[in-house]
Amino acid sequence: MSMESGKGRGVETCTERLPGEPELPSPPEMVLWLMVHYSDGVEPARLVAGQPLVVGRTDPSDLRIPDRTLSRTHARFTLSEGRIVVEDLRSTNGSFVAGKRIERAEIEIGGEIMLGMVTVRVSAFGTIKDVSVEAEGQFRRRLEDEAARAHLFRRPFAVLAVRIPGGGTERTTVGGWTHGLTTKLRLVDKLSLYTPDTALVLLPEMEREAALTAARGLATLRAEGHAPFHVGVAVYPEAATTVDALIELARDAAARATPQNPVASASTAAWTEGPASDPGDDMIVGKALRELHDTAERIAASELSVILHGETGTGKEVLAHFIHERSARRSKPMVCVNCGAVPATLLESTLFGYEKGAFTGANQPQTGMFEAAHGGTLFLDEIGELSLAAQAALLRVLESGKLTRVGSTKEKDVDVRVIAATHCDLEEMVAEKTFRQDLYFRLNTMVLQLPPLRERVDEIDKFVDRFRLRANKINKRHVKGISRDAAALLRAYTWPGNVRELRNVVDRAVVLARGELIQPEDLPSRLREANPAPSLQPDPALETPAQDSASLPEKAAPSSAVVLRQPSVPSAKIKAQVSEFEAKKLRETLAEVGGSRAKAAEKLGMPLRTLSRKVKKYGLV
């Protein structure tokens, strides 16, 4: 490539503009970028002629990448007279081109070099806006903002997981393969490297069929030396309604894809029979959950309706399954319903089923969720998401014990025990008239409060061990434990996504780990940037590889604030004071983070949905 023009090329020609003819826009100037792929994503740096660029781990490097395989100043890149030259600066782990260690080499556009275990690719773009591969933290914030927007306006979006078949990639192809994906994406779509062999794609405003079409387009591509990509699809809200659930489901779907069927979709069924978690996922009971665990075991034998209250991802479905398995109904089905995923137009047919010919497309009779759960347990997850019309229909069946299928006049008897779950304050919703008071009283026989993961610090070690073993098996890895520093970061983090977020973090860390132990650099930047709390010091025992959950020591955690509670009526003065303080805190935090709800939720340690609801409540939109 030459950076000069008109020299040694013979006669130059020029085209004059006719009078009145508009001036044609100049073609965009192509500039060169170093795309540095590391465990946390991609960092771009522009190459400027005559200005050397040093890449390393710390100062005085121009581009600093927090990767322990890099030296302080690892390599120097220079663009001069159209040539790109890289020089290794006596690094410890070396620089490699095509698998060979080099001291000095010339790189072409599109070429790659490995600095330690970090991949650097030379790319040409018109502007930085064309660089669409985002770092993991930035991509997650975009995903959280999209989830909040979709929830507020009842709009769909999709998350894709694009995976190189066979897992591990060669040193010379790690990371660079993601740029080919942009040829099949829209400008509004977002792309991030999740692990060396898996990329995540955000498709705003995209329903299931359109998302599947986009996924099929990506599945026609391939990384150099590999079979075509496998793509997993998860659509909001049908598949899931939280960021971590969508990521997990998309990744799981990509893992199920095959060469014959390279695109797999997460289930969009409104209800499923049995728990969504693995059968071996017994409850992990730390100090904060012991009283709740004992209470749940006692009420399991009763027929009481139960409300499970807690933040998204705290394990409400696992607790519901625990209650069902210890009840007299354990030999009958447990049907799990994602209330937030039931479209209003399909509500009655989902709840009660339908007869053949009831509506266009009803070619066969279909059992509804109540009939499917007959004799067993009906788990209504996120019941606060139901519309008022849906709540009324639900109440009628709960009170009468009878239902009528859509398209039929015949009543059917149903016998179910209802366990409802929510992250919302149903009492507050009743006061705001967004949740029916009569339905609340019908369900509110017993309330069990699940504390968030940040109040169950002694459980984190056991969860990490469980998820590590599972990720090792799936990814054919042999990670044996976690370092003290990494464990301290996990304990210090606030975990707004709770247990599901922890699982995604551990899954990713197992794939990224270069040794026997998970290190801090294998964790997302949002964890590394968190300030460890003084009470959450690292455990020296974790520096040695863990063999099983029993080998990990317990640490103290705050006890659950409320395990068993009855409805209370706080004074109007106290409620007003709390609301005033809450609105003030929300307003200040939103101002600090430039109005980003996702960043504000993370800063406050609050689920994004809860924050969005409170923003609307206090008129802070």
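To convert, count from 1 in the sequence shown and add 153; that's my numbering. Glycine residues also receive a C-beta, built at the ideal position from the N, C-alpha and C atoms. Only a predicted model underlies this, so the values are computations on that prediction, with no experimental measurement involved.
Residue i (DSSP reduced to helix, strand or coil)
{"i": "Lys565", "result": "strand"}
{"i": "Ala754", "result": "helix"}
{"i": "Pro673", "result": "helix"}
{"i": "His446", "result": "helix"}
{"i": "His527", "result": "coil"}
{"i": "His379", "result": "coil"}
{"i": "Trp648", "result": "coil"}
{"i": "Glu741", "result": "helix"}
{"i": "Ala419", "result": "coil"}
{"i": "Ile437", "result": "coil"}
{"i": "Pro685", "result": "Summary for Pro685: the model assigns pLDDT 45, below 50, so the residue's position carries little reliability; its value from the coordinates is reported in the next sentence. If DSSP states are grouped into helix, strand and coil, Pro685 belongs with coil."}
{"i": "Thr351", "result": "strand"}
{"i": "Leu622", "result": "helix"}
{"i": "Arg762", "result": "helix"}
{"i": "His462", "result": "strand"}
{"i": "Tyr771", "result": "coil"}
{"i": "Ile452", "result": "helix"}
{"i": "Ser192", "result": "coil"}
{"i": "Cys489", "result": "strand"}
{"i": "Phe616", "result": "helix"}
{"i": "Gly634", "result": "strand"}
{"i": "Arg369", "result": "helix"}
{"i": "Met582", "result": "helix"}
Buried/exposed call for residue i, threshold 16 Cβ in 10 Å
{"i": "Lys769", "result": "exposed"}
{"i": "Asp591", "result": "exposed"}
{"i": "Ala744", "result": "exposed"}
{"i": "His576", "result": "buried"}
{"i": "Leu541", "result": "exposed"}
{"i": "Pro496", "result": "exposed"}
{"i": "Leu355", "result": "buried"}
{"i": "Pro673", "result": "buried"}
{"i": "Asn414", "result": "exposed"}
{"i": "Lys563", "result": "exposed"}
{"i": "Val652", "result": "buried"}
{"i": "Glu755", "result": "buried"}
{"i": "Ile779", "result": "It is not possible to answer for residue 779, since the shown part of the chain is limited to 154 through 774."}
{"i": "Lys343", "result": "buried"}
Alpha-carbon spacing of residue i relative to residue j, whole angstroms
{"i": "Leu305", "j": "Val238", "result": "51 Å"}
{"i": "Ser148", "j": "Gln519", "result": "Look at the range of the chain in this structure, 154 to 774, and you will see that residue 148 is not part of it."}
{"i": "Leu365", "j": "Asp298", "result": "23 Å"}
{"i": "Ala258", "j": "Gly668", "result": "29 Å"}
{"i": "Val610", "j": "Pro677", "result": "19 Å"}
{"i": "Gly529", "j": "Pro486", "result": "5 Å"}
{"i": "Asp618", "j": "Glu444", "result": "24 Å"}
{"i": "Leu527", "j": "Phe594", "result": "A small correction: the amino acid at residue 527 is His; Leu does not occupy that position in the sequence shown. The alpha-carbon atoms of His527 and Phe594 are separated by roughly 22 Å."}
{"i": "His446", "j": "Val438", "result": "7 Å"}
{"i": "Ser765", "j": "Ala387", "result": "23 Å"}
{"i": "Lys671", "j": "Met582", "result": "Checking the sequence, you will find Ile at residue 671 rather than Lys. So the alpha carbons of these two residues sit roughly 43 Å apart."}
{"i": "Arg339", "j": "Met188", "result": "21 Å"}
{"i": "Pro219", "j": "Ser244", "result": "15 Å"}
{"i": "Leu442", "j": "Val663", "result": "28 Å"}
{"i": "Met759", "j": "Ala300", "result": "15 Å"}
{"i": "Ala753", "j": "Glu741", "result": "9 Å"}
{"i": "Pro390", "j": "Pro357", "result": "12 Å"}
{"i": "Ile536", "j": "Gly468", "result": "15 Å"}
{"i": "Ser553", "j": "Val286", "result": "55 Å"}
{"i": "Thr272", "j": "Phe310", "result": "31 Å"}
{"i": "Thr763", "j": "Leu206", "result": "45 Å"}
{"i": "Lys633", "j": "Ser561", "result": "58 Å"}
{"i": "Arg589", "j": "Thr348", "result": "45 Å"}
{"i": "Ala639", "j": "Lys586", "result": "45 Å"}
{"i": "Leu232", "j": "Gly203", "result": "6 Å"}
Residue i CB to nearest heavy atom of the ligand MN below 7 Å
{"i": "Phe475", "result": "Among the components modelled here there is no ligand, and therefore nothing to report on the ligand MN."}
Nonlocal neighbours in the same chain, by C-beta distance under 6 Å from residue i, ignoring five residues either side
{"i": "Leu643", "result": "Ile613"}
{"i": "Ile317", "result": "Asp350, Ala376, His379"}
{"i": "Glu580", "result": "none"}
{"i": "Asn246", "result": "Thr222, Gly269"}
{"i": "Val396", "result": "Leu296, Glu297, Ala300"}
Own chain, CB closer than 7 Å to residue i, minus 5 neighbours either side, in chain order
{"i": "Val571", "result": "Ser458, Leu531, Leu533, Leu551, Leu596"}
{"i": "Phe505", "result": "Gly521, Phe523, Leu556, Thr557, Arg558, Val559"}
8 Å Cβ shell around residue i - same chain, five flanking residues per side excluded
{"i": "Gly772", "result": "none"}
{"i": "Lys565", "result": "Glu524, Lys555, Leu556, Thr557, Arg558"}
{"i": "Arg779", "result": "A query on residue 779 cannot be resolved here, the shown segment of the chain reaching from 154 to 774 and no further."}
Original post:
Do the stretch 548-557 and the stretch 466-473 touch if we need at least three Cβ pairs shorter than 8 Å?
Top reply: no
Original post:
Do three or more CB pairs link the stretch 609-629 to the stretch 654-663 at distances below 8 Å?
Top reply: By the Cβ rule, the stretch 609-629 counts as touching the stretch 654-663, because three or more pairs are nearer than 8 Å.
Subject >> Segment contact, 8 Å Cβ cut-off, at least three pairs: the stretch 503-518 with the stretch 398-416 >> reply: Taking 8 Å as the limit for Cβ pairs, the verdict is that the stretch 398-416 does not touch the stretch 503-518.
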